[in-house]
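Note sheet for the following structure.
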Amino acid sequence: MSFYVTTPIYYGNGEPHLGHAYSTMAADILARHMRQRGEDVFFLTGTDEHGEPIAQAAEKQGTTPQELVDRSAESFRDMVARVNATNDFFIRTTDRGHIERVQAVVDRVRENGFVYEGTYEGWYCPRCADFKNENEIGPGDTCLIHEIPLDRETEQNWFFRLSAFQDDLEKLYEENPGMIQPDFRRNEALAFIRGGLNDVSLSRSQISWGVPLSWDPDQVMYVWFDALLNYYTALGYAREGEDLTDRYWPASWHVIAKDILKFHTVYWPAFLMAAGIEVPQRIFIHGFLLMGDKKMSKSLGNVLDPFEVI
């Protein structure tokens with residue numbers, strides 16, 4: 001029996017911290033356990049290397065985005081080795097194999113009628129790389145996660161028809177109560193869905209560091225769609241000359257942290273449904289590592305270096 005486990009892919013605008021090591025070790029424990037049981041295991045980790053925060057960090061450091069993510073990827077590879085993780089592949093979203101497969105999936109979503117052009121105006125967090133709804137905005141129009149002022153942005157771009165999947169997502173989680181664990185995280189996902197789903201931006205017109213849309217190369221893919229698809233695209237090129245998709249998809253377990261719950265439990269399954277791809281079997285959502293009473297985060301500058309403590 002095949003067993004496919006993934007970590008979140010780690011954002012390439014900085015160095016690894018202990019939270020990244022924690023997620024990696026949790027997924028590695030699952031992979032090792034299932035191998036001991038005789039299962040056919042594939043374990044994926046890697047780095048998320050596109051988006052506005054990386055372009056901004058590169059400019060600040062006087063380097064190019066590609067040079068920045070090349071250095072960051074090596075640091076994360078070193079972290080994975082330091083915790084003795086047994087991953088089968090390390091994906092980078094700047095890999096040509098990933099980019100080609102992402103474009104093919106997005107083209108399929110468009111062909112299926114779930115992409116349209118429009119104008120978006122709303123509050124945007126550059127660190128989350130995410131537009132925020134009313135429930136995600138703190139006092140003074142700030143990000144609840146990063147505690148920084150949000151940017152008010154208006155741009156013409158392409159949209160994903162997320163609203164079309166409201167009923168399908170509710171049905172998915174009602175009929176598969178063990179799909180999201182622990183159970184209270186499933187309740188959070190259902191509450192978000194039942195609050196009403198709005199269509200979301202699929203592309204960005206004001207940044208250039210990303211995957212171009214095949215039908216509109218002046219627009220790049222919204223980084224979260226690019227990043228989420230890594231779980232699927234990696235199987236197509238992880239082993240030279242072999243496509244592992246039929247062998248391992250759908251993913252058995254995604255291991256993630258709670259700050260990316262919305263993307264993995266709402267955007268991700270809806271996007272797969274739109275492309276006609278089977279959804280993952282289970283998503284395990286762990287909490288934050290805290291420093292004081294705040295999330296350990298490189299953007300907050302309160303992290304522990306895994307190379308110093310492991």
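Residues 1 to 310, numbered by the numbering used here, are exactly what the sequence shown covers, in order.
Built from N, CA and C at the ideal position, the CB exists for glycine as well.
For a test of the three-state rule: what should DSSP assign to residue i, helix, strand or coil?
i: PHE42; result: strand
i: PRO53; result: helix
i: TRP253; result: strand
i: ILE148; result: coil
i: GLU121; result: strand
i: PRO65; result: helix
i: GLY97; result: helix
i: MET221; result: strand
i: GLN36; result: helix
i: ASN176; result: coil
i: VAL83; result: coil
i: SER208; result: coil
i: ILE137; result: strand
i: GLU153; result: strand
i: ILE91; result: strand
i: ASP48; result: strand
i: SER23; result: helix
i: LEU169; result: helix
i: ASP199; result: coil
i: LEU229; result: coil
i: PHE192; result: helix
i: PHE131; result: strand
i: SER163; result: helix
i: SER72; result: helix
i: ILE184; result: With the sequence shown as reference, residue 184 is identified as Phe, and Ile is not the correct amino acid for it. Reduced to three states, the DSSP call for PHE184 is helix.
Only counting the same chain, and skipping five residues up and downstream in sequence, which positions put a Cβ closer than 6 Å to that of residue i?
i: LEU272; result: VAL279
i: VAL41; result: PHE3, ALA31, MET34, ARG35
i: ALA73; result: THR47, ARG92
i: LEU190; result: TYR173
i: ASN13; result: PRO53, ILE54, ALA57
i: GLU49; result: GLY12, VAL69, ARG92, THR93, THR94
i: TYR231; result: THR6, ALA251
i: ILE256; result: PRO8, HIS264, ILE285
i: ARG322; result: Within the shown structure, residues of the chain are numbered from 1 to 310, placing residue 322 beyond reach of any answer.
i: ALA337; result: Because residue 337 is not part of the residues shown, which for the chain are 1 to 310, the question remains open.
i: SER214; result: GLN103, ASP107
i: ASP336; result: Absent from the structure is residue 336, since the part of the chain shown begins at 1 and ends at 310.
Between residue i and the rest of its own chain, which residues show a CB-CB distance below 7 Å, the 5 nearest in sequence each way excluded?
i: GLU188; result: LEU261
i: PHE114; result: PHE160, ARG161, ALA164, ALA274
i: TYR237; result: GLY97
i: ILE310; result: ALA21, ARG82, VAL83
i: MET291; result: ASN302
i: PRO65; result: ILE54, ALA55, ALA58, TRP209
i: ARG152; result: TRP123
i: LEU229; result: VAL102, VAL105
i: ILE277; result: TYR232
i: LEU169; result: ILE193, VAL266, PRO269, ALA270
i: ILE99; result: VAL211
i: LEU289; result: LEU18, GLY19, TYR22, MET296
Report back the beta-carbon spacing between residue i and residue j to the nearest angstrom; my notes put them in contact at under 8 Å.
i: LEU268; j: ASP216; result: For the record, residue 268 in the displayed sequence is Trp; it is not Leu. TRP268 to ASP216, Cβ: 23 Å. No contact.
i: VAL303; j: PHE225; result: Actually they do not touch by this definition, with Cβ atoms about 27 Å apart.
i: ARG185; j: ILE285; result: 4 Å
i: THR6; j: ALA251; result: 6 Å
i: THR154; j: ILE148; result: At roughly 20 Å, the Cβ-Cβ gap does not stay under 8 Å, so THR154 and ILE148 are not in contact.
i: GLY51; j: VAL200; result: So it is not a contact: roughly 15 Å between Cβ atoms.
i: PHE89; j: ALA234; result: 6 Å
i: PRO126; j: PRO306; result: The Cβ separation is near 25 Å, so there is no contact.
Less than 8 Å between C-beta atoms, sequence neighbours within five positions excluded: which residues of the same chain meet that for residue i?
i: LYS294; result: LEU300, ASN302
i: ALA1; result: The question names Ala, yet the displayed sequence has Met at residue 1. Within the same chain, MET1 has close Cβ partners GLU39, ASP40.
i: ASN112; result: ALA274, ALA275, GLY276
i: GLN181; result: ARG282, ILE283, PHE284, ILE285
i: ASP183; result: PRO177
Tell me whether residue i, by its Cβ, gets closer than 6 Å to a heavy atom of the ligand GTP.
i: GLY113; result: The ligand GTP is not part of the structure shown, which contains no ligands of any sort.
Check whether the segment 236-243 and the segment 274-288 touch, using three or more Cβ-Cβ pairs below 8 Å as the test.
no
Three-pair Cβ contact test at 8 Å for the segment 113-122 versus the segment 154-168
yes
At 3 residues or longer, and completely inside the segment 233-309: list those beta strand (DSSP E) runs for me, N to C.
253-257, 283-286
Is it the case that the segment 14-27 contacts the segment 75-89, given that we only count it when at least three CB pairs across the two stretches are under 8 Å?
yes
Are the segment 164-179 and the segment 204-211 in contact at 8 Å, needing three or more beta carbon pairs?
no
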